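Participant: Under the working numbering, the first residue of the sequence shown carries the number 168, and numbering increases by one thereafter.
From the three backbone atoms N, C-alpha and C, an ideal C-beta is built for every residue, glycine too.
Nothing here was measured: the structure is a model prediction, and the numbers come from that model.
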Amino acid sequence: MGNIVFLSVRRFRPQLKRSKPYHVVMVGLDKSGKTSILYRSKLREHINCVPTTAFNVETVRPSKGLKFKIWDVGGRDQNRPLWKAYVRQTDAIIFVVDCANETRIEEAREELFNLVNSAQINGAPILVFANKQDKPNAVGPVEMINKLSLHNLNTKHLWFVQPTSAKIGEGICEGLRTLGEMIDQWRQDMKLQKTKSRKHRHSLGTSRTNSANNIL
């Protein structure tokens, strides 16, 4: 695969103690390699997969103490309107791109932004698997950032580009471990925002009470 370049928008915080598997939805165009990635991460070997017509779901453990329940949703035209139903209340989204088929990258970008802009995902982290890096014509991860316009995603979303090859088995576990860290950080940020919001409401309530007392 050559030199692997890791790209992210933030520096991740230390991992939190995890008790339950993270709920993650994996989407992407048909033939991008989603199911191959799922079963490579599950079985640690490459298997030949047929296109997914509905969904597959598996629990995977990329490292000790880290567990994901991954929903692999079909990427055909008729499946894509259903993506937003699957990602509601998800902890993260994995978006898989076939980097060896440059003619479909623009289509992938449109579907990613359609999903992010229409679904109720509340800033969930996004892991992009830049798949099929074993192919000689594969678009590299740096160029993929520009082609997918990832810098134009809503700033609420943490995102990370991981070059992978489901066939060889490189990059998948590393990407999932980074995704676990992103989910931890996202949850901490959400908790902090809720705390600040409660303090702000309390401050407003106290201010209004004092104003009313002064009038009386």
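As a quick exercise: from Ser186, Val264, Asn289 and Phe327, pick the residue whose alpha carbon is nearest that of Lys358.
Facilitator: Comparing Cα positions, the closest option is Asn289.
Participant: Take Lys334 as the anchor and find which of Asp197, Met193 and Glu212 has the nearest alpha-carbon.
Facilitator: For the residues Asp197, Met193 and Glu212, the minimum Cα distance to Lys334 belongs to Glu212.
Participant: Using C-beta distances below 6 angstroms, list every residue in its chain close to Val314, excluding the 5 sequence neighbours before and after it, in chain order.
Facilitator: Before going further, note that residue 314 is Lys rather than Val in the sequence given. Excluding residues within five positions, the ones whose Cβ falls inside 6 angstroms are Ile272.
Participant: Spatial neighbours of Glu269 within its chain, please: CB distance less than 7 angstroms, with the 5 preceding and 5 following residues excluded, ordered by chain position.
Facilitator: If we look at Glu269 and ignore the five residues flanking it on each side, its Cβ neighbours are Val306.
Participant: Assign His318 to buried or exposed, taking buried as 16 or more other Cβ atoms, counted over all protein chains shown, within 10 Å of its Cβ.
Facilitator: His318 should be labelled exposed.
Participant: Measuring CB atoms only, is the segment 238-254 touching the segment 195-211, in the sense that at least three cross pairs come out at less than 8 angstroms?
Facilitator: Yes, the segment 238-254 is in contact with the segment 195-211.
Participant: Tell me whether Ser199 is buried or exposed, calling it buried when 16 or more other Cβ atoms sit within 10 Å of its Cβ.
Facilitator: With 16 or more other Cβ atoms within 10 Å, it is buried.
Participant: On the DSSP bridge assignment, give the partners of Asn298 in chain order.
Facilitator: Paired residues: Asp265.
Participant: Under a Cβ-count criterion, where at least 16 other Cβ atoms within 10 Å of its own Cβ denotes burial, should Ala221 be classed as buried or exposed?
Facilitator: Classification for Ala221: exposed.
Participant: Which of the three DSSP states is assigned to Ala291 in this structure?
Facilitator: Coil at Ala291, not helix or strand.
Participant: For Glu348, count neighbouring C-beta atoms within 10 Å of its own C-beta (all shown protein chains included) and say buried if the count is 16 or more, exposed if not.
Facilitator: Buried, by the Cβ-count rule.
Participant: Could you spell out where the beta strand (DSSP E) holding Val224 opens and where it closes?
Facilitator: First-last of the beta strand (DSSP E) with Val224: Phe222 to Ser230.
Participant: Please state whether DSSP places Glu341 in a helix, a strand or coil.
Facilitator: Glu341: helix per DSSP, three-state reduction.
Participant: Does the beta-carbon of Asn304 have 16 or more other beta-carbons within 10 angstroms, so that it is buried, or is it exposed?
Facilitator: Asn304 comes out exposed.
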